[in-house]
Every structure is written in structure tokens, then in C-alpha cells.
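The structure appears right after this line, and notes come after that.
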């Protein structure tokens with residue numbers, strides 16, 4: 008699964024001074040009266056970018072969570088004395104800052120996630136055992152993660168440079184501003200008279216609901232689908248402090264495949280408002296594999312991963328993501 012990425016350029020302003028949590032504050036656009044047009048400027052300064060924790064693999068056989076990065080979607084901002092320098096722009100194709108005035112300047116970069124038009128932050132699905140690499144909760148977790156890429160914005164710290172004809176910028180270290188959280192659930196049913204169900208709810212850091220999957224409809228869960236479920240939340244609202252609520256159910260069925268609604272049904276709740284393990288953390292693709300055995304004993308395995316950054320490949324001006 009891969010996304011088509013948009014290519015964009017923009018020029019925005021940057022605050023003067025030290026590193027800030029919000030480098031875009033207190034900026035203004037310069038005019039000829041505000042800035043001396045006789046100040047010399049560079050013909051171009053090359054920019055380099057490092058995506059934090061890129062190319063790191065997790066311990067064991069845990070898979071990484073791929074984010075495809077298109078460098079042309081990175082924006083670099085410059086300011087001098089609190090204003091955008093007259094004539095400054097960033098050439099994304101050449102990764103070069105143009106017309107940067109000599110003197111004390113500030114720089115930062117950001118990357119806006121490309122969000123598909125049909126994107127839904129919360130996702131829940133029944134998964135046929137036959138399409139999994141193996142009949143386990145980890146395989147269900149891998150499947151739901153691979154069904155789409157994570158939505159992640161990035162932002163660098165601000166660097167200050169005394170610009171002259173030989174200035175070289177420090178690499179911009181791009182820090183992820185979002186996280187992701189996913190669950191894979193598998194039931195080793197003792198007979199065909201059982202099926203899985205679950206309710207998945209996501210809240211922001213203020214406790215406001217921002218996503219919900221009320222359960223997998225029975226007409227979408229049949230055959231081998233009823234033994235494997237996957238849930239995922241990825242969005243710009245997935246920031247540190249957001250959390251999930253997952254209610255897992257094992258439901259008894261009669262010989263017609265209908266719910267018995269009897270006392271043998273099982274239920275477990277994972278509440279991120281109580282246990283921080285089930286909350287979102289910026290820069291981490293949290294993932295949990297929940298295996299329920301034939302005696303209805305659940306085992307939860309933490310398979311959280313770092314984001315793995317994959318460079319977009321462009322051939323003949325066409326984006327190839329296959």
C-alpha cells in the first residue's frame with residue numbers, strides 16, 4: 008500500500024531568536040521600507056534533512072512502519088530581524104535556499120503529511136485467516152498496519168546562522184509530530200460456535216472523542232474472518248496524550264451462527280485513560296498483538312515500532328510507489 012504524494016512549495020515566515028516549540032510565531036512580511044535592499048545575499052545555500060530515527064530497526068522480528076518521504080514536500084523558512092527576507096524562496100527541487108541575506112538569519116523546516124482524500128482516521132476490519140502470513144494476532148497487526156501508511160507531520164528546530172558567501176547550514180533534523188496506534192486480535196476458538204467482536208474508541212488529550220468503530224458488522228465477519236480483527240488510528244490528531252479504549256468480546260453462537268446472548272460471552276477492556284501503554288506517543292507506531300487461546304485466556308504482546316522512512320522514487324516525472 009502506498010500513497011500518491013503531492014508536491015508543494017510555499018514560503019512562510021519564521022520567528023527571530025532561540026529555538027521555539029512554535030517557530031512560526033511573531034513573524035511579518037518585509038517591505039522595502041523595512042529591509043535594506045542593498046544588503047548582499049547568497050546565490051544559494053544547500054539544505055540537508057535527517058528524519059529522526061530513520062533507518063532504525065526494532066529488536067527481533069518486529070516490523071517497522073513505513074512512511075514514504077518526498078523531499079519536494081519539505082518547506083524551509085528563513086527570517087532576519089523577525090521578517091521574511093525580500094526575494095527569499097526555497098527551491099524544493101534543488102533543495103536550495105535562494106536569496107538569503109548576509110547577517111544573522113534563522114531557519115527551520117517542516118513537512119506536511121499528504122492525506123488521501125478518502126482518509127478515515129479510525130479503521131476496523133475482520134481479516135480472513137487465509138490472507139494472513141500466519142494465523143496469529145501479530146499477523147493481523149501487520150496486515151492492518153500495511154493496509155495504509157501512517158499520517159505524520161514533521162518539524163525541525165530553529166537554527167541561527169551568521170550568513171556569508173561560505174555559509175553551510177546544519178542538517179535539519181525532522182522530528183515527528185504524530186504517532187500511530189494499532190491492534191491485531193486473534194481467537195483460537197475451541198469450536199465454530201464462537202466469534203470475535205470489539206469496540207474501538209479514540210480520544211484526544213482533552214478526553215474528547217475523535218474516532219470510533221462500534222464493532223465489526225456480523226455480515227462482514229463470516230467464516231475465517233470472525234477469528235481475526237484489526238484496528239488502527241492514524242491522523243494529525245494522533246499526538247502525544249491522545250488515547251484509545253478497546254473493548255474485546257468473544258461471542259457464543261448457536262448452530263445457525265446466531266448470537267446466543269448467554270452467560271458464556273467473554274469481555275476484556277484496554278483503557279488508555281488508565282494505562283498509558285494504550286495512549287499515543289509522537290514518533291512511535293504503537294502496536295499490540297492480542298492472542299486469545301482456546302481457554303479464553305488473552306496474551307498481549309507489545310510490538311510497538313519506530314517509523315521507517317522510505318525515500319520516494321521518481322522516474323520520468325512520475326511518482327512510483329509500487
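Residue numbers (my numbering): 8 to 329.
Built from N, CA and C at the ideal position, the CB exists for glycine as well.
Nearest neighbour of residue i, chosen from the options [CA to CA]
i, options, result
"residue 128", "105, 157, 114, 145", "157"
"residue 131", "236, 76, 89, 268", "236"
"residue 306", "289, 250, 198, 193", "193"
"residue 144", "176, 123, 195", "195"
"residue 275", "316, 258, 286", "258"
"residue 83", "255, 278, 168, 163", "163"
"residue 167", "150, 222, 114, 153", "114"
"residue 242", "86, 102, 126, 169", "126"
"residue 110", "177, 87, 155", "87"
"residue 277", "255, 218, 270", "255"
"residue 161", "150, 118, 169", "118"
Neighbourhood of residue i by C-beta, 6 Å cutoff - its chain only, sequence neighbours within 5 removed
i, result
"residue 106", "48, 94, 95"
"residue 207", "131, 220, 238, 253"
"residue 212", "248, 249"
"residue 159", "74, 120, 183, 185"
"residue 146", "139, 140"
"residue 97", "83, 104"
"residue 108", "46, 48, 87, 92"
"residue 299", "194, 305"
Host alpha helix (DSSP H) of residue i (start-end)
i, result
"residue 153", "144-153"
Assumed close pair residue i, residue j - CB separation to whole angstroms, cut-off 8 Å
i, j, result
"residue 245", "residue 185", "5 Å"
"residue 308", "residue 292", "Actually they do not touch by this definition, with Cβ atoms about 15 Å apart."
"residue 223", "residue 133", "5 Å"
"residue 155", "residue 72", "At roughly 11 Å, the Cβ-Cβ gap does not stay under 8 Å, so residue 155 and residue 72 are not in contact."
Rounded C-alpha distance that separates residue i from residue j
i, j, result
"residue 180", "residue 57", "5 Å"
"residue 53", "residue 116", "13 Å"
"residue 183", "residue 204", "33 Å"
"residue 46", "residue 240", "50 Å"
"residue 280", "residue 210", "9 Å"
"residue 310", "residue 100", "37 Å"
"residue 190", "residue 76", "25 Å"
"residue 303", "residue 272", "10 Å"
"residue 290", "residue 313", "7 Å"
"residue 39", "residue 216", "At residue 39 the pLDDT is 42, less than 50, meaning the model places this residue with poor confidence; the figure from the coordinates comes in the next sentence. Roughly 49 Å separates the two Cα atoms."
"residue 285", "residue 187", "11 Å"
"residue 262", "residue 200", "7 Å"
"residue 175", "residue 287", "36 Å"
"residue 317", "residue 148", "20 Å"
"residue 112", "residue 85", "7 Å"
"residue 177", "residue 55", "8 Å"
First and last residue of the uninterrupted beta strand (DSSP E) at residue i
i, result
"residue 129", "129-133"
"residue 203", "201-210"
"residue 313", "312-318"
"residue 266", "Looking at the DSSP string, residue 266 is not in any beta strand (DSSP E), and its letter there is neither H nor E."
"residue 169", "166-170"
Residues of its chain near residue i, where Cβ-Cβ distance is below 7 Å and the 5 sequence neighbours each way are ignored
i, result
"residue 266", "258, 260"
"residue 136", "142, 231, 234, 235"
"residue 41", "Low local confidence applies: a pLDDT of 45 at residue 41 is under 50, so the model's placement there is unreliable, with the coordinate-based value given in what follows. Closer than 7 Å at the Cβ level, and outside the excluded window around residue 41, lie 90."
"residue 202", "228, 233, 258, 260"
8 Å CB neighbourhood of residue i in its chain, flanking five on each side removed
i, result
"residue 330", "Since the first residue of the chain shown is 8 and the last is 329, residue 330 is not available in this structure."
"residue 269", "259"
"residue 78", "56, 99, 102, 318, 319"
"residue 282", "none"
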